[in-house]
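S.K.:
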Amino acid sequence: MPRRQLRVGNQWLYAGDAEKLLREAIRIRDEEEQHDKLSGHHVPWIRKYVFSTDHKWIGVQYAFTALCFLLFGFSLMLLMRLQLGWPGHSFSLMKLLGSTRAPGGILLPEAYNQLGAMHGTVMVFLAIVPLAVGAFGNYVVPLQIGAPDMAFPKLNMASYWCYLPGGLIMLASFLAPGGTANSGWTSYPPLSDIATIGQTFWLIGMVFLITSSLLGSVNFIVTIVQLRAKGMTWDRLPFFVWAQFVTSFLLLLAFPPLEAAAVLQLMDRVAGTSFFLPSGLVVSGRVLHNAGGGNPLLWQHLFWFLAHPEVYVLILPALGIVAEVLANNTRKPLWGYRSMVGATIFLGFMSFVVWAHHMFMTGMGTAISSFFQTTTMIISIPSVIILSALFISLWGSAMRFTTPMLFALAFLPMFGIGGLTGLPLGLAAADLHLHDTYYVIGHFHYVVAPGTIFALFAGIYYWFPKVTGRKLNETLGRIHFWGSFVFINGVFMPMFAQGLAGVSRRLYDGGIQYAHAKAIAEATNPFMSISAFCLLAFQVPFIVNFFWNAIAAAMGRRNAEANPWQATTLDWAATTSPPLAHGNFEVLPVVRRGPYEYNTPECDDSGFLPQHAELTRRPPAGGGGGLLPQIAAAAPEA
Amino acid sequence: MRDFLFQFMPPDYSAHGGQIDSLIVAVHWLMLVMFVFWGSYFLYVLYRFRGSRNPKPDYRGMRSHWSTWTEIAVAVIEVILLVGFSIPAWSRWANATKAETLSHPVEVRIVAEQFSWNVQYPGPDGVFGRRDPNLVTSINPLGLDRTDPNAKDDVVSINNLHLEVNRPAVIHLTSKDVIHSFKLPVMRVNQDAIPGMDIPIHFTPIRTNRGDHWEIACAQLCGLGHYRMRGQLYIDSKTEFAQWLKSRGPTRVAALAPPPVN
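Line order of the protein sequences matches chains E and U. Residue 1836 in my numbering is what sits at position 345 of the first sequence, and the numbering runs on without skipping anything. Residue 7 in my numbering is what sits at position 4 of the second sequence, and the numbering runs on without skipping anything.
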């Protein structure tokens, strides 16, 4: 789809506030610098690096914390895979869990359930969402729209400082008597209502995490609406910003029901209420006296009303990152930018009316199931549109296979598998056989692991030079990519075979008790577990690469140019590793064209036209006239 | 495709299962076609448009809009799968037909608990006896009130579900503690057992076990024993089923009856 050509002097859709705010920020910074010079006084370390209000440092805080949780969630999964691959064997690694969970190195079923519940919770709420939204959103969005900071810097700080305690409470729950939450990441009552005290920690942790997301989402919406630079019209926004914008609305509207539900469940557990407990419950032979009048399905509706939009919270920022990396490395504009934006907005709306497709087995009649099947099929269409547009963007390109590009390219078929395998689950009749089997696990892991997490890796490799001034090592990056790509498929592909065989999820022994599941479980589980450990081995190059370069950058050894990927968006117009004192740009950038003007007819041999670059007519000397871009020195080196 | 998927899938011995399997096969065809189509396109593009072979990118990229047609095609196929397969199959699953309700189905109540399946047959009178949570004991896990006249002839069993071949079965599912999910892989049956709700499901088995080992699986995390919450499914011939019911009949019932209260 052809996009709007360069139209200088067009009506600008910008908020005057941005300019004012930037001037104010620069004035304050200058004053502070002056003050520091005169008094020899510096901004206290704690205000600069711990309770920072600068969106970039908050982004870095989010990124670091979330990556730690990502590794932690991954290691929980490794312990589960150890058990699934060789059920009931003793492993010295398991002894780490302590004698109450794994006496003699043999994992107990209740401990397996704890690992399962916390793997899901940590990965979704503590690792991927904070990394995709908190880290990338915080760092990149204000830079890409040419804003000096987020609209509400203190709210931003509060958001991080709700997230971290939430995470620490979740971690602390491992020490609770009876261990941590063990009712799955979905925490279905009545099981969760009668679970050990770890579940109470889980609920309190969730309240913190939800609050953090709510604070963040309001901030993003206001920032994107109010603080766009002059000339940054809606159709010039990088796709990543659009993705974050829609994501923020999903967070804002979907999380409050879960926050309410979490408080209700907390009351059930600590105050003796009975929101989710029906009458006549008999648990372990004892009548539960506080039970009565509640409904366990209420929780499922409230939970999935959040958790389905949450799926798109996991996906949309990833799609945004992939779009940025693809456009940059194909050296041409995205194909069908407008239909992609339209599809994203539509996806956002539709994601609120599909939640009950997680609940087909709760006794649904034909009318309701038809409604949710139909909405589910409808929501698949915008996903197909976005993915098709990304595939077609590759046509006619001059692909550079940089490490971020490899991850972004691998995202496409992997996310495709995840999306396609959602179809039989979205059709209720097929779901009758596949519901709550490993097919489901395979499906959503393809969406989130080789899908979203690969996109997040692409983003880390892509923006690392922006944040630190150093490029990550390409060789280590390639080892990381190819190893991860091979073994992540080794972990998840056999899950579809298991699911078709009808192997239920969340089985402590992987299903070897069951006649229909024994053969396939024994044939595939050891292979999947070995793949998982190989996957871990191939994360080592990344961890080394990341810390080596982060430390070198901290010591001031920079090796990357200001715009190492020859990118067009405004984030690369700002100084490398912009100073942590608000005010990202020395000179306010004025946006003159769309986000992906690579190899336009107007540009010269460099092959790209940054969004803010000024075009001046070349003096008619020598060869004929023509347009020569002069990259405006919007960002003099600090 | 059917052969490929059936390598993994358990056999199906229910009247409605054929519809479910056809849909699974059809939807996997759609998935395969889309994956192969976009996959070959992707591999070709990776080869054709790598920077070393195609150093000068094309600003406009793809001119043609054929992808719109593929998107429309996908939408049309999805509508066909939905309207032609899924909704009819679900409607048959969710609503018992007249024939099934009229042809004297085997009625069973299953009360799930951590971690077993309690099965209750109404007996010759066709009426389930009253259950009372206060009567639950280790030998009366259902809390069946044996003083209720309707309960006198009820047959109960634990983890053993016997049904009659070619006779519709109606199972009233509930749970007495947490949510479980009643899954019969060889019958393409799956239904959550939710405390406080009584959900009837129906299906017709079409083959006897003939020595095969069929099971009831729990498909919803229900606690530490979830992985071993396993029951046995027996599809008997008409005579075998009658014999089994009889063998579990009044004498056994008397043995199972709770000691008289007071």
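Glycine is no exception: its CB is placed at the ideal position from the N, C-alpha and C atoms. Quick caveat: nothing in here was measured; it's all calculated off a predicted structure.
Who are the near neighbours of P2017 (chain E) in its chain, counting only those whose CB is closer than 6 Å to its CB and skipping five residues on each side?
M.R.: The residue labelled residue 2017 (chain E) in the question sits at position 526 within the first sequence. Taken in chain order, the residues that qualify are G1576.
S.K.: Is F1863 (chain E) buried or exposed, if buried means 16 or more other CB atoms sit within 10 Å of its CB?
M.R.: For this step, residue 1863 (chain E) is matched to residue 372 along the first sequence. The residue in question, F1863 (chain E), is buried, as its Cβ has 16 or more Cβ neighbours within 10 Å.
S.K.: Which residues in chain U have a C-beta closer than 9 Å to the C-beta of E1601 (chain E)? List them in chain order.
M.R.: As a working mapping, residue 1601 (chain E) is identified with position 110 in the first sequence. The answer, in chain order, is G226 and L227.
S.K.: By Cβ distance below 6 Å, which residues in the same chain neighbour F1643 (chain E) in space, the five residues on each side in sequence not counted?
M.R.: The sequence position of residue 1643 (chain E) within the first sequence is 152, counting from 1. Result list for F1643 (chain E): N1710, in chain order.
S.K.: Closest Cβ-Cβ distance between R53 (chain U) and chain E: below 7 Å?
M.R.: For the purposes of this step, residue 53 (chain U) is identified with residue 50 of the second sequence, where counting begins at 1. Yes, contact with chain E.
S.K.: For the beta strand (DSSP E) that contains Y230 (chain U), what are its first and last residues?
M.R.: For the purposes of this step, residue 230 (chain U) is taken as residue 227 along the second sequence, with counting starting at 1. Unbroken run through Y230 (chain U): none, as it is neither H nor E.
S.K.: Taking the alpha carbon of L33 (chain U) as the reference point, which residue from E:L1757, E:H1799 and E:I1908 has its own alpha carbon closest?
M.R.: Locating residue 33 (chain U) in the second sequence gives position 30, counting from the first residue. The candidate whose alpha carbon is nearest that of L33 (chain U) is E:I1908.
S.K.: In terms of residues, what are the limits of the alpha helix (DSSP H) holding V82 (chain U)?
M.R.: Translated into the one-based positions of the second sequence, residue 82 (chain U) becomes position 79. Residues W69 to I83.
S.K.: Per DSSP, what are the beta-bridge partners of Y237 (chain U) in this structure?
M.R.: The count along the second sequence starts at 1 and reaches residue 237 (chain U) at position 234. Y237 (chain U) is bridged to U:H165.
S.K.: So the candidates are U:T211, U:G234 and U:I219; which of them puts its Cα closest to the Cα of S240 (chain U)?
M.R.: As a first step, residue 240 (chain U) must be located in the second sequence, where it is residue number 237. It is U:T211.
S.K.: State yes or no: is the beta carbon of L85 (chain U) nearer than 7 Å to at least one beta carbon in chain E?
M.R.: Indexing the second sequence from 1 puts residue 85 (chain U) at position 82. Yes, because at least one Cβ of chain E sits closer than 7 Å to the Cβ of L85 (chain U).
S.K.: Check distances from the C-beta atoms of the region 1898-1916 of chain E to those of chain U and list, in chain order, the residues that come in under 8 Å.
M.R.: Taking 8 Å as the Cβ-Cβ cut-off against chain U, the residues of the region 1898-1916 of chain E that qualify are L1900, L1903, P1904, G1907, I1908, L1911, T1912, L1914 and P1915.
S.K.: Can you tell which of E:A1899, E:F1692 and E:L1634 has the C-alpha that lies nearest to the C-alpha of M1661 (chain E)?
M.R.: Residue 1661 (chain E) sits at position 170 when you count from the first residue of the first sequence. Measuring from the Cα of M1661 (chain E), the nearest candidate turns out to be E:F1692.
S.K.: Of all the residues that make up the region 194-213 of chain U, which are near chain B by a beta-carbon distance shorter than 8 Å?
M.R.: Within the model displayed, chain B is absent; protein chains E and U are what it includes.
S.K.: Just to confirm, are V1732 (chain E) and V1632 (chain E) a CB contact at a threshold of 7 Å?
M.R.: The residue you call residue 1732 (chain E) lines up with position 241 of the first sequence. The residue you call residue 1632 (chain E) lines up with position 141 of the first sequence. Result yes, Cβ atoms of V1732 (chain E) and V1632 (chain E) sit closer than 7 Å.
S.K.: Measure the CB-CB distance between H205 (chain U) and A115 (chain U) and report whether it falls below 7 Å.
M.R.: Within the second sequence, the letter at position 202 stands for residue 205 (chain U). Within the second sequence, the letter at position 112 stands for residue 115 (chain U). Cβ distance not < 7 Å, so H205 (chain U) and A115 (chain U) don't count as in contact.
S.K.: Residues of chain U with CB closer than 8 Å to the CB of P1824 (chain E), please, in chain order.
M.R.: On the first sequence, position 333 is the one that residue 1824 (chain E) refers to. What P1824 (chain E) touches in chain U: Y62 and G64.
S.K.: Per DSSP, V1844 (chain E) is paired with what?
M.R.: Walking along the first sequence from the start, residue 1844 (chain E) turns up at place 353. Paired residue(s): none; V1844 (chain E) is not in a bridge.
S.K.: Which residues of chain U have a Cβ atom closer than 9 Å to the Cβ of M1896 (chain E), listed in chain order?
M.R.: Translated into the one-based positions of the first sequence, residue 1896 (chain E) becomes position 405. The contacting residues do not exist; M1896 (chain E) stays about 10 Å from chain U at best.
S.K.: Looking only at its own chain, which residues have a Cβ that is under 8 Å from the Cβ of L166 (chain U), when we skip the five neighbours before and after it?
M.R.: Working through the second sequence from its first residue, we reach residue 166 (chain U) at position 163. V109, V111, A172, P208, L236, Y237, I238, D239 and F244, listed in sequence order.
S.K.: Determine which residues of the region 115-142 of chain U have a Cβ less than 8 Å from any Cβ of chain E, and write them out in chain order.
M.R.: Those would be E116, Q117, P136, N137, V139, T140 and S141, in chain order.
S.K.: Could you check whether the Cβ of M190 (chain U) sits closer than 7 Å to any Cβ belonging to chain E?
M.R.: Position 187 of the second sequence, counted from the first residue, corresponds to residue 190 (chain U). For M190 (chain U), the answer is no, since every Cβ of chain E falls outside 7 Å of its Cβ.
S.K.: How is M1568 (chain E) classed by DSSP in three states: helix, strand or coil?
M.R.: Within the first sequence, numbered from 1, the residue matching residue 1568 (chain E) stands at position 77. M1568 (chain E): helix per DSSP, three-state reduction.
S.K.: Kindly indicate if chain E contains any beta-carbon less than 7 Å away from that of I174 (chain U).
M.R.: Stepping through the second sequence from its first residue, residue 174 (chain U) is reached at position 171. Not closer than 7 Å to any Cβ of chain E, the Cβ of I174 (chain U) fails to qualify, so no.
S.K.: Give the range of the alpha helix (DSSP H) segment to which T177 (chain U) is assigned.
M.R.: Against the second sequence, residue 177 (chain U) aligns to sequence position 174. Segment A172 to S178 is the beta strand (DSSP E) holding T177 (chain U); no alpha helix (DSSP H) there.
S.K.: Should L131 (chain U) go down as buried or exposed, given a rule of 16 or more other Cβ atoms within 10 Å for buried?
M.R.: Sequence index remark: in the second sequence, residue 131 (chain U) carries index 128 (1-based). A quick correction: the sequence has Phe, not Leu, at residue 131 (chain U). Label assigned to F131 (chain U): buried.
S.K.: For L35 (chain U), report the span of its alpha helix (DSSP H) as first-last.
M.R.: Against the second sequence, residue 35 (chain U) aligns to sequence position 32. Residues G20 to R51.
S.K.: Quick check on the DSSP output: the alpha helix (DSSP H) that includes V1958 (chain E) runs from which residue to which?
M.R.: Along the first sequence, one-based indexing puts residue 1958 (chain E) at 467. F1945 to T1959 is the span of the alpha helix (DSSP H), which, as asked, contains V1958 (chain E).
S.K.: For P1808 (chain E), which residues from the same chain have a beta carbon less than 7 Å from its beta carbon, with the 5 sequence-adjacent residues on both sides left out?
M.R.: As a working note, residue 1808 (chain E) is residue 317 in the first sequence. Excluding sequence neighbours, P1808 (chain E) sits near A1623, V1624, F1627, G1628, A1734, Q1735 and T1738.
S.K.: Give me the chain U residues within the contact set of Y1679 (chain E), using Cβ-Cβ distance strictly less than 7 Å, ordered along the chain.
M.R.: Along the first sequence, read from residue 1 onward, the residue named residue 1679 (chain E) stands at position 188. Result: I182.
S.K.: With a cut-off of 7 Å, does the C-beta of V77 (chain U) fall near any C-beta of chain E?
M.R.: For the purposes of this step, residue 77 (chain U) is identified with residue 74 of the second sequence, where counting begins at 1. Closer than 7 Å to some Cβ of chain E, the Cβ of V77 (chain U) qualifies, so yes.
S.K.: Does DSSP put A2129 (chain E) in a helix, in a strand, or in coil?
M.R.: Within the first sequence, residue 2129 (chain E) is the residue found at index 638, counting from 1. Note that A2129 (chain E) scores a pLDDT of 34, beneath 50, so its modelled location is shaky; the value from the coordinates is reported in the next line. Looking at A2129 (chain E) - three-state DSSP - the assignment turns out to be coil, as it is neither helix nor strand.
S.K.: Determine the direct distance from the alpha carbon of Q1989 (chain E) to that of I219 (chain U), and round the result to whole angstroms.
M.R.: Working through the second sequence from its first residue, we reach residue 219 (chain U) at position 216. Working through the first sequence from its first residue, we reach residue 1989 (chain E) at position 498. Roughly 17 Å between the two C-alpha positions.
S.K.: Identify the contact partners of L1918 (chain E) in chain U, using a Cβ-Cβ distance below 7 Å as the criterion.
M.R.: Sequence index remark: in the first sequence, residue 1918 (chain E) carries index 427 (1-based). Within 7 Å Cβ-Cβ: L26, V30, L84, L85 and S89.
S.K.: Does chain E have any CB closer than 7 Å to the CB of N163 (chain U)?
M.R.: As a first step, residue 163 (chain U) must be located in the second sequence, where it is residue number 160. Judged by the 7 Å Cβ criterion, N163 (chain U) is not in contact with chain E.
S.K.: So that I know if they touch, is there some Cβ in chain U lying closer than 7 Å to that of D2000 (chain E)?
M.R.: For the purposes of this step, residue 2000 (chain E) is taken as the residue at position 509 of the first sequence. Yes, D2000 (chain E) lies at the interface with chain U (some Cβ there is under 7 Å from its Cβ).
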